[in-house]
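Each remark here refers to the structure printed beneath this line.
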Ligand code: FPP
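Residue numbers (this note's numbering): 677 to 918.
In C-alpha cells:
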C-alpha cells in the first residue's frame, strides 16, 4: 500500500478505489444543458481523478461507465456516451506511453459498437505491460450479470470435465469474474447523494467501505477524493472480527 499526504496527514492509500460516476444528468439539467453535456463534463472529471489516483499511488481504479440497465436510455444519449467512451480510450492510447495507465474492461463488450470493441481490445493489449494505475472501465456491466456468467462458465468447465463441483471455493469463483486477479476495492465512492450500489461490484464489495457524497460527479474534485479517503480511515475495519 502506498502512502500519501492527504488532508495534511501521511496516510496509507487504498490499493483499489471504485467509483459510481453519478449525477451527470442532474448537473446538465441544473445548467439547462442536454444530458450529453453532463456526460462530457463527467468524462473530464474522470480524466482528472484518474490522474490524481495515479499520483497518490492507487493501484486500481474501477469506474462504472455504462451499466446493463443503461440501454433503457434514449438512443441519442447512448450513442453520445459511446462516442465519449471512444474519445477517452483513444486519448488514453495516445498518452499511454507517458501515463503508464493499464486499461482493463469489465462487462459484456459484445453488445457495444464494433469499433468501440476493437478499441477496447487494442487498449487492453497495448497497455498490458504498464505498471502505473490500472483503470477498470465497467462497460455494459452488471454485478448480477457478472455472477451469472461466472456460474455458467464454471458449470461449463464441470460439464467438460475440467473441474469438479467440490473444487468450487470463493477464491476459485473469483477467478471466473471479470475482476479476476484484481483485489477487492477497499473503498467504493458514490457521489450525487444516491445511496445504492445499483448492481455495481456485488461480489467484490462484500467488505468495501461505502462512501456516499453530496456532490454531482462533474463537480467532483481531488479534494473530494481526499475527503473520501479520510472517511475511509475514520472507519474501523474489522472484517467480521472484534
Ligand atoms: C450516471 O449519471 C453516469 C453515467 C450513466 C455515465 C458515466 C459516463 C461518463 C462519466 C462519461 C465518460 C466516462 C469515461 C470513463 C471516460 P446519470 O446520467 O445517471 O446522472 P443523473 O442521475 O443525474 O441523471
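By construction, the Cβ of each residue, glycine as well, lies at the ideal position given by its N, Cα and C atoms.
Straight-line gap, residue i to residue j (C-alpha atoms, nearest Å)
| i | j | result |
| --- | --- | --- |
| residue 802 | residue 769 | 8 Å |
| residue 846 | residue 782 | 19 Å |
| residue 909 | residue 838 | 43 Å |
| residue 713 | residue 753 | 10 Å |
| residue 827 | residue 739 | 24 Å |
| residue 919 | residue 729 | A query on residue 919 cannot be resolved here, the shown segment of the chain reaching from 677 to 918 and no further. |
| residue 810 | residue 844 | 28 Å |
| residue 706 | residue 794 | 36 Å |
| residue 896 | residue 746 | 22 Å |
| residue 702 | residue 763 | 23 Å |
| residue 831 | residue 685 | 49 Å |
| residue 804 | residue 776 | 10 Å |
Minimum C-alpha distance to residue i - residue among the options
| i | options | result |
| --- | --- | --- |
| residue 696 | 730, 729, 814 and 897 | 814 |
| residue 733 | 902, 910, 907 and 911 | 902 |
| residue 796 | 807, 806, 780 and 811 | 780 |
| residue 726 | 784, 772, 745 and 908 | 772 |
| residue 699 | 843, 904, 897 and 893 | 893 |
| residue 678 | 736, 722, 804 and 744 | 736 |
| residue 865 | 873, 859 and 858 | 873 |
| residue 898 | 722, 774, 823 and 778 | 722 |
| residue 756 | 775, 792, 881 and 900 | 792 |
| residue 816 | 887, 774, 744 and 777 | 744 |
| residue 704 | 716, 906 and 860 | 716 |
| residue 719 | 759, 776, 825 and 907 | 759 |
| residue 799 | 812, 895 and 787 | 812 |
| residue 694 | 706, 741 and 680 | 741 |
| residue 856 | 841, 870 and 880 | 880 |
| residue 806 | 788, 818 and 778 | 778 |
| residue 784 | 824, 776, 775 and 774 | 824 |
| residue 876 | 853, 690 and 833 | 853 |
| residue 691 | 890, 748 and 860 | 860 |
Outcome for residue i when other beta-carbon atoms lying within 10 angstroms are tallied against a minimum of 16
| i | result |
| --- | --- |
| residue 836 | exposed |
| residue 683 | exposed |
| residue 766 | exposed |
| residue 708 | exposed |
| residue 822 | buried |
| residue 808 | buried |
| residue 829 | exposed |
| residue 911 | exposed |
| residue 904 | buried |
| residue 711 | buried |
| residue 819 | buried |
| residue 786 | exposed |
| residue 834 | exposed |
Proximity test, Cβ basis, 7 Å: residue i and chain E
| i | result |
| --- | --- |
| residue 854 | Looking at the structure shown, chain E is missing, and only one protein chain is on hand. |
Touch check for the region 877 to 885 and the region 852 to 868: three-plus C-beta pairs under 8 Å? Yes, since at least three Cβ pairs between the region 877 to 885 and the region 852 to 868 fall closer than 8 Å, the two stretches touch.
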